[in-house]
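Residue numbers for the sequence shown follow this note's numbering, beginning at 13 and rising by one. Glycine included, C-beta positions come from ideal geometry on N, C-alpha and C.
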Amino acid sequence: MKFKTGDIVPATTLESVTGEPIKLPDPDRLVHLQFRRFVDCPICNTHISQLRVRADEIEAVGVKEVIVFHSSAKSIRSYQKDVPFELVGDPTKALYKKYGVETSPGFLSLRALGAAARGVAHGHFGLRLSGGPFGLPGDFLIAPSGQITAVKYGTHAYDQWSVDELIALARGAAALPTGRLPAFAAE
13 MKFKTGDIVP ATTLESVTGE PIKLPDPDRL VHLQFRRFVD CPICNTHISQ
63 LRVRADEIEA VGVKEVIVFH SSAKSIRSYQ KDVPFELVGD PTKALYKKYG
113 VETSPGFLSL RALGAAARGV AHGHFGLRLS GGPFGLPGDF LIAPSGQITA
163 VKYGTHAYDQ WSVDELIALA RGAAALPTGR LPAFAAE
């Protein structure tokens, strides 16, 4: 099942790779729940490096970042030591299925290959293929009510919201009266 803007996500508690509980939805903040591929994916790490550089801006608009990889928690802990966001391992891809995030050879696009080259140039060689190389990204902006205020299902491995898009979506969601959705929510 694919979610759409306006849907309510089921309340759940995820477990971070450090063993801490992550409430979804978060009762106090917007959550940017993002699904990436395997932990050493050069394409994913290109995007995560952009998020990391602008983490203060993301935090300032009230967004809590939760990044899901289809790798084990142990693999993620050993590799992603400097990421200032909540990280979740999902090697069985149960969350991916629950949110309708698909598996495909999404790296076979020019944009994805360009991002992969940038990732490799920064030391992400994609050698830890835990969970496999196939997958597409998914982005969900979830309000404290559990309502999805914006959603994007990627069509290739580097098809996710930019940091600027995320910030604009968060500002739009924060400016709305309770229960109303932004007219520009990306689907």
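DSSP beta-bridge partners of residue i
i: I88; result: According to DSSP, which records beta bridges pairwise, I88 is partnered with nothing at all.
i: G150; result: F47 and Y165
i: L42; result: V75
i: Q159; result: I20
Contact check, residue i vs residue j, beta carbons under 7 Å
i: G158; j: I20; result: yes
i: V80; j: D102; result: yes
i: I179; j: V100; result: no
i: R48; j: C56; result: yes
i: A182; j: V75; result: yes
Beta-carbon proximity list for residue i, same chain, < 8 Å, skipping 5 on both sides
i: P156; result: P37, D38, P39, D40, R41 and L42
Exposure of residue i, with buried meaning 16 or more beta-carbon neighbours within 10 Å
i: G31; result: exposed
i: L122; result: At L122 the pLDDT is 47, less than 50, meaning the model places this residue with poor confidence and gives no usable figure here.
i: G166; result: buried
i: E77; result: buried
i: F172; result: According to the sequence displayed, residue 172 carries Gln and not Phe. So Q172 ends up on the buried side.
i: G18; result: exposed
i: S174; result: exposed
Contact set for residue i: own chain, Cβ-Cβ below 6 Å, skip 5 residues either direction
i: F15; result: I160 and V163
i: V113; result: F47 and G150
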